[in-house]
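Chains as they are written, first to last, in my numbering: chain A, 21 to 401; chain B, 1024 to 1658.
For every residue, glycine included, the Cβ atom is placed at its ideal position computed from N, Cα and C.
Worksheet: one structure, shown below.
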């Protein structure tokens, strides 16, 4: 399929095939792919670019699974660097933000698969956070964790989700999807649930009315076909439920893990993946450039390659930083607004469910350079 | 006024150069005659003509110092069809080669290429008309000029020397230039000679037809030759080719001394301003820019303000593709050595310098420290030292001369050293002219000048951020002198000092105008100001998107700069990769150390393997180069 034929399909709103996706990955000029993705992005969102104010809590890094790409997990309690927060510690993080009058709207909670904690640990964690800040949105536990709880505590996935929701769960993050292809999963994350199990957790959540995100880990040993296949499986579930809000491609970071020999994906591969995702996943509304992982410069550039979301202010991210990420661990809302404006886009602060929190003059303000340009043009002419 | 005597060549490939002169241009100034190339050189050598269209080898071998008319050459990039080695046996089996007595450059090129291949045939000079008759058994012949058209099909073995040179260096070859004694022609004369060529280039079809009528042969074939095989610009890449030829010939013992292409003074060509430009749409501006039409300052300001980012990038990418159609992206292995941090300038944006009054942290690197850095560079495959430092009042010119001579005697490294500001400062403390300083540094071993310290070439901004640094005019003067003395230099720009777009465009305009005069710049490099830790508290946009827009605009505006280098050390390799699709064709240096930027917060480090991986992942073929942009073979 030629690039021009793919462009025609995109413009006609036809879903792209596996072969189309592979052709987009292999097209020699990634700017052309980006331009087409940008067309779709602007059709869906114009210049609007979303971010939120959030914080991360990784309550424990003790994890039964030994995924080769992970620098975060420790196998056992007592291993060097292993930690498990008490409830008070976890709640204390939120109390500190509330005390600082920091208007966060979301807490993102992702943890290791800890073999020694009771299920109550998780429900009480959520309930306590809600007691401190009832309006806060709790986006917590990947499908992998939920599936693990179901098996470990002898419940169905639906039962786990129901009990977590009762305790305060509002939506599910997209992590743990990695790559769906069994060949890759077996090699890099054999201890995790299968693709079908991962998808089934999200299906169940969607059917219960919970929204969720979805991800793809790229840059380990997967092929281009396996990446596109991964996107197509997400697209199929989305056709069924419509419950995904955002797709987040996650680049593999090679420091301090069992795949250290592999080079990290380069910037062009990152941007191309964003663009291909935007083109393949026509039914998922948002594509997020997770700046913690990409670096601020590439994340900003991705706003022209299909992405319309920069994630949030984030605080205390640990998973990517233990894998060598050199990005800061927090950005202020004013910084995010400035980066978006400097990219020639329009910043919109959202909540987790993409309701608008603030836009226009209500946002933390900074001058974009393009406005300066016009002023100086007046001086010249 | 006495007319100046000028001697040109009667071959077809020289016709466009003299076309205007033959049609009345400069009648009152020049007395034009036609000779064989070697004869032109003889007349010039004997002082019987003021200016000759001479083989580049004759320029190099002349007993007295010569100057070259800027902007004009007979050159080629790859096969040229009229400089052929022919024979009954392959090149490697030739025991003797007859050289065309009319040729100088081609003969030296052939000798050089034989040496580079380890071949040692005997060479014998024969008259121009008899050269083909000399071919027999293991005796080949070097055929030049129009005889080459016929010879190409007569012999079983032919080698196009233009193609062989390109294969060796990746550069164009310059066969002939206008040359004369210093002062033989002035800027007015140069302008007329350039105009003569411009008229000739426009009349190539007519020239081909007339040639066919007079000498037989297919006029379409002649026109193809004039349009495609011969390049008439003495542009930056041709100057790189010329420098490479002289250096290699010197290395092979074919030239008795080091020679550089030194230029007559020219005046800037005035950019034509399209009437009614202000009313044009952004789309048509972008299309024009993408097709290589020269931008006016107003065009550039409009594109910068209103062109969508990816479209600006695509236009710059189209220019990159037109200028570098081979899809190669070059890089160099060198080391940035900051020989001293003592500096009197006190620029607000610099956190590297120590004033001379600081007795604890100021340093001048010792020979031992330098030797270690240089040896490490050699061991890592480095070919060059980027040598820059502060303006240290304790270092006289003799210190630099000794250093350069010692470096050249002990390390196989090119010296890309001393930015214009440093050169100006040496001139100041030594009470010498800038030209004298550069001449002495060249004699001591200086190979090229880095384009640092340009910041924004607009005095309004310079005065605000570095009031003690040289003015825009001085910076450009140092570069002009350097180019005139045969040095190649780069040019830089640092933005994000709160300047307006008109300052950025004015920077581009000044560089483009000087490049029109000299063609001495090899590459342009820009990056956003790295503010961390400096005294300059600024809140300007230094994000990736602004970098990419400025960079793309530079590619479109600087139409006479062959290379645009991406700045991965400041922007990160990811954005560096993206910039390769926003007009970049060079990935800069696999850097071993860089004190100035790294102290201000940039932390990226890449080795040659990483650089090659990034280049490949962006869809290009990596090629290692030196400062002349010669492609280097990598073991």
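Taken in chain order, the complete alpha helix (DSSP H) segments of 4 residues or longer contained in the segment 1450-1495 of chain B are 1457-1467, 1482-1488.
Sequence-distant partners of residue 287(A) (beyond 5 residues in either direction) whose C-beta falls short of 8 Å from its own C-beta, in its chain, are 318, 321. Taking 7 Å as the upper bound on Cβ-Cβ separation, chain B lies near residues 283, 286, 287, 288, 289, 290, 291 of the segment 268-302 of chain A. Judged by DSSP secondary structure, residue 270(A) falls outside any alpha helix (DSSP H) and instead within the beta strand (DSSP E) spanning 264-271.
Residue state for residue 1357(B) is assigned as strand, using DSSP reduced to three classes.
With contacts defined by Cβ atoms closer than 9 Å, residue 1527(B) and residue 1573(B) form a contacting pair. Across the structure, residue 1546(B) and residue 1585(B) are spaced so that their CA atoms are roughly 6 Å apart. From the listed residues 1391(B), 1121(B), 1327(B), the smallest Cα separation to residue 1107(B) is found for 1121(B). For residue 50(A), the chain B residues whose Cβ falls inside 8 Å of its Cβ are 1604, 1641, 1642, in order along the chain. Beta-bridge analysis with DSSP links residue 238(A) to 271(A).
CA-CA distance, residue 1062(B) to residue 1348(B), rounds to 38 Å. Taking a beta-carbon distance threshold of 9 Å, residue 227(A) does not count as an interface residue toward chain B. When secondary structure is reduced to three states using DSSP, residue 103(A) falls in the coil class, being assigned neither helix nor strand. Under the 9 Å criterion on CB atoms, residue 58(A) is classed as interfacial with respect to chain B. Under the three-state reduction of DSSP, residue 1347(B) is assigned to coil, being neither helix nor strand. For residue 253(A), no Cβ of chain B is located within less than 9 Å of the residue's own Cβ.
With contacts defined as CB atoms closer than 9 Å, residue 357(A) and residue 323(A) fail to qualify as a contacting pair. Assigned with DSSP and collapsed to three states, residue 152(A) falls in helix. Residue pairing by DSSP places residue 1203(B) opposite 1074(B), 1090(B) in a beta bridge. For residue 332(A), the enclosing beta strand (DSSP E) begins and ends at 329-332. One thing to note: residue 110(A) has its Cβ no nearer than 9 Å to the Cβ of residue 156(A).
As a beta-bridge residue in DSSP terms, residue 1586(B) pairs with 1546(B). Within the same chain, and ignoring the five residues on either side of residue 1189(B) in sequence, the residues whose Cβ sits closer than 7 Å to its Cβ are 1100, 1101. With respect to residue 290(A), residue 269(A) sits close: the two C-beta atoms are nearer than 9 Å.
In this structure, the beta-carbon distance from residue 1366(B) to residue 1488(B) does not fall below 9 Å.
The beta-carbon distance between residue 104(A) and residue 82(A), rounded to whole angstroms, is 6 Å. This is short enough to meet the 8 Å contact definition. Going by C-alpha positions, residue 1279(B) is about 15 Å away from residue 1132(B). Cα atoms of residue 51(A) and residue 238(A): separation of roughly 20 Å, rounded to the nearest angstrom. 75(A) is the residue among 33(A), 75(A), 66(A), 67(A) whose C-alpha sits nearest the C-alpha of residue 333(A). Chain-order list of chain A residues neighbouring residue 1159(B): empty, with the shortest C-beta distance near 50 Å, by a criterion of under 8 Å.
Taking a Cβ-Cβ cut-off of 9 Å, the neighbours of residue 318(A) in chain B comprise 1567, 1595, 1597, 1598, 1601, given in sequence order. Residues of the segment 104-131 of chain A with a C-beta less than 7 Å from any C-beta of chain B: none at all.
Proximity of the segment 1321-1341 of chain B to the segment 1589-1599 of chain B falls short of the contact definition, fewer than three beta-carbon pairs being nearer than 8 Å. Across the segment 357-372 of chain A, CB contacts with chain B closer than 7 Å involve 359, 362, 363, 364, in sequence order along the chain.
For residue 1318(B), no CB of chain A lies under 9 Å from its own CB, so it is not counted at the interface with that chain. Rounded to the nearest angstrom, the gap between the Cα atoms of residue 1426(B) and residue 1464(B) is 10 Å.
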